[in-house]
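Student: Submitted below is the structure of interest, expressed as structure tokens.
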Amino acid sequence: MSVDKATVAKIASLARIRMDDAELERMVPELNGILQWVEQLGEVDVTGIEPMAAVIPNTLRLRDDVVDADPLTGGGRQADVLANAPAAEHGFFGVPKVIE
0 MSVDKATVAK
10 IASLARIRMD
20 DAELERMVPE
30 LNGILQWVEQ
40 LGEVDVTGIE
50 PMAAVIPNTL
60 RLRDDVVDAD
70 PLTGGGRQAD
80 VLANAPAAEH
90 GFFGVPKVIE
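Reminder that position 25 of the sequence shown reads as 24 in numbering that gives the first Met the number 0, one-by-one numbering, no gaps.
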């Protein structure tokens, strides 16, 4: 796959990037080089290799999910929280309707 000047101009327009003709001409070989590199990556045999989410193994630090663990931030403070709300409705924050 390769791109031409018209394709680069369309991509620049979609990205809202203003480019003159000289910049468009400079970008054509750069984008073609990137696309060739991506095609080379597609030729690599990856059978038997599992997909990774990260390069290094990550483990999350977990904590017990305890309600009311901290008296300042725990549950049971609905009235205190809603006291600052501009509009509270039925125990929840009232917000203006945005979709008809």
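Every residue gets a Cβ at the ideal spot worked out from N, C-alpha and C, and that includes glycine. Just so it is clear, the structure is predicted and the values come from calculations on it, not from any experiment.
Look up Glu88 in the DSSP assignment and say whether it is helix, strand or coil.
Tutor: Glu88 falls in the strand class under three-state DSSP.
Student: Pull up the distance between the alpha-carbon of Arg25 and that of Gln39, whole angstroms please.
Tutor: Distance between the alpha carbons of Arg25 and Gln39 is about 22 Å.
Student: Would Leu30 and Ala8 qualify as a contact pair, given that the criterion is a beta-carbon distance under 9 Å?
Tutor: Contact flag unset, no.
Student: Can you tell me whether Thr46 is helix, strand or coil according to DSSP?
Tutor: Three-state DSSP puts Thr46 in coil, outside helix and strand.
Student: Once DSSP output is grouped into helix, strand and coil, what is the label at Met26?
Tutor: In this structure, Met26 counts as helix in the three-state DSSP scheme.
Student: Tell me whether Asp63 sits in a helix, a strand or coil according to DSSP, three-state version.
Tutor: In this structure, Asp63 counts as coil in the three-state DSSP scheme.
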